[in-house]
Each structure stands twice: as C-alpha cells, then as structure tokens.
Amino acid sequence: MNFNSHTDLVVAVVVQLVNALTAGEARGRPYTPPQGEELAAAVTGILRPRPPREVSVAEAAELTAYAQEFRAVFEAVAAGDVDAAAERVNRLLAETDARPHLARHDGEPWHLHFHGPNGTFAADWAAGCATGLAVVLGGEFHDRLGVCTAPRCDRVFVDTSRNGTRRFCSTACQNRVKTAAFRARRA
Ligand SMILES: [Zn+2]
Numbered sequence: 512m513n514f515n516s517h518t519d520l521v522v523a524v525v526v527q528l529v530n531a532l533t534a535g536e537a538r539g540r541p542y543t544p545p546q547g548e549e550l551a552a553a554v555t556g557i558l559r560p561r562p563p564r565e566v567s568v569a570e571a572a573e574l575t576a577y578a579q580e581f582r583a584v585f586e587a588v589a590a591g592d593v594d595a596a597a598e599r600v601n602r603l604l605a606e607t608d609a610r611p612h613l614a615r616h617d618g619e620p621w622h623l624h625f626h627g628p629n630g631t632f633a634a635d636w637a638a639g640c641a642t643g644l645a646v647v648l649g650g651e652f653h654d655r656l657g658v659c660t661a662p663r664c665d666r667v668f669v670d671t672s673r674n675g676t677r678r679f680c681s682t683a684c685q686n687r688v689k690t691a692a693f694r695a696r697r698a
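Going by my numbering, the residue at position 63 of the sequence shown is 574; the numbering climbs one at a time, nothing skipped.
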C-alpha cells in the first residue's frame, strides 16, 4: 500500500522527525531528544540526502517545534479525531505558507515542491511535511497515522500494511507486548 512515492517519502521523514525530536517514551524507556550539535546532526541524518549541507542548531531547533505539531496530528488520528487532525494540518499549511509549484533541479525530473516563497529552511521543510500529512488525511487511508499502543511507548508510525492493522512503532514493541502476554498466560 502506498500513497504515491513522494508522499511516502515525506511521511516517512515526518515519522522520523517526530520520533527523534519529541520527548516522551520509546520502547519502554523515557525518551529525551538530543540537544545542540547532536540535535543538528540527527536532523541532518534524517533529511539526507537533502539538504546537501549540515543543518544548523537553530534550524534543528525550529524543526523541533514543528515536530511537536506533527505529533499532535498523529495523536489526534490515533484518538479517532480526524477533524482535529485536519484542522491542525490546515493551520500548519497556512503557517508555513505551503504552496505547490513544479521544480526541476540537480538532474531530477519535474517534481512538486510545497514551500512558500520566503520561508526559512525549517518552514520550507515543515511545508512539505504538512503537505504530505494533508495528502494522507485527504485520502482513502486517512486513518493510517498511528501512535504505538505498547506500554511506555508513544513513538509514531504510518501504517502501510495491506489491511491497516499495525499497532506498534517497531518490532521491538510488538515483541515486548507478545512476551508480556505470554508471561501473563503462564502466570
Ligand atoms: Zn513503540
């Protein structure tokens, strides 16, 4: 199952940004995002192969604020409140001044960009991310954004399984829950 190759790519980036940049719990442990240079390196790694340069600490911090907004979209969908998710995405599209235009560069074929004319680096990326989320929410698979249902984990995921039954952020969480259920049955 996929939306289209570009949307798949963008939504995968959104998932990675939310999971790396927002505090909470991950696979059974408290999670604190990296700070400063480490944060910048993490964001550079996620956005690779774009941008062709290192992301600055300030840019990474700005993207962290957007990552909180993206998380709220996943949480709303997971709670069954698609209306709230859609409102948030619309606000993000307006805030980031997202607007589609065709671009061709670096030897690539024509493809859509979504950033506004005067955005910052982070706002440009956020515009693309918000557009990816909008494509998902506006389509048949609008309920495919999820938050891990394992205990002590709140990492997000996009469910690309055929029948849309994914519940966990990772096989690590799936195995934790299976093991706990197995122990409970034996006890
Ligand atoms: Zn998890």
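Built from N, CA and C at the ideal position, the CB exists for glycine as well.
- When secondary structure is reduced to three states using DSSP, E606 falls in the helix class.
- Here C664 really is in contact with E536; their C-beta atoms are around 5 Å apart, less than 8 Å.
- Under the Cβ criterion (8 Å, minimum of three pairs), the stretch 667 to 686 counts as touching the stretch 651 to 658.
- For a cut-off of 8 Å, the C-beta gap from P544 to T533 is around 7 Å, short enough to register as a contact.
- Straight across, the Cα-Cα distance linking T682 with R666 is about 12 Å.
- Going by C-alpha positions, A572 is about 34 Å away from V688.
- Residue state for F652 is assigned as coil, using DSSP reduced to three classes.
- One residue after another in chain order, those with a Cβ under 6 Å from a heavy atom of ligand 1 are R538, C659, A661, C664, R666, F679, C680, S681 and C684.
- Under DSSP, Y542 forms a beta bridge with G535.
- In the DSSP assignment, A551 falls within the unbroken alpha helix (DSSP H) covering G547 to L558.
- In this structure, the beta-carbon distance from V669 to V524 does not fall below 8 Å.
- For A614, the enclosing beta strand (DSSP E) has its first and last residue at H612 to A614.
- Here the C-alpha atom of A641 lies approximately 8 Å from the C-alpha atom of N601.
- Assigned with DSSP and collapsed to three states, F693 falls in helix.
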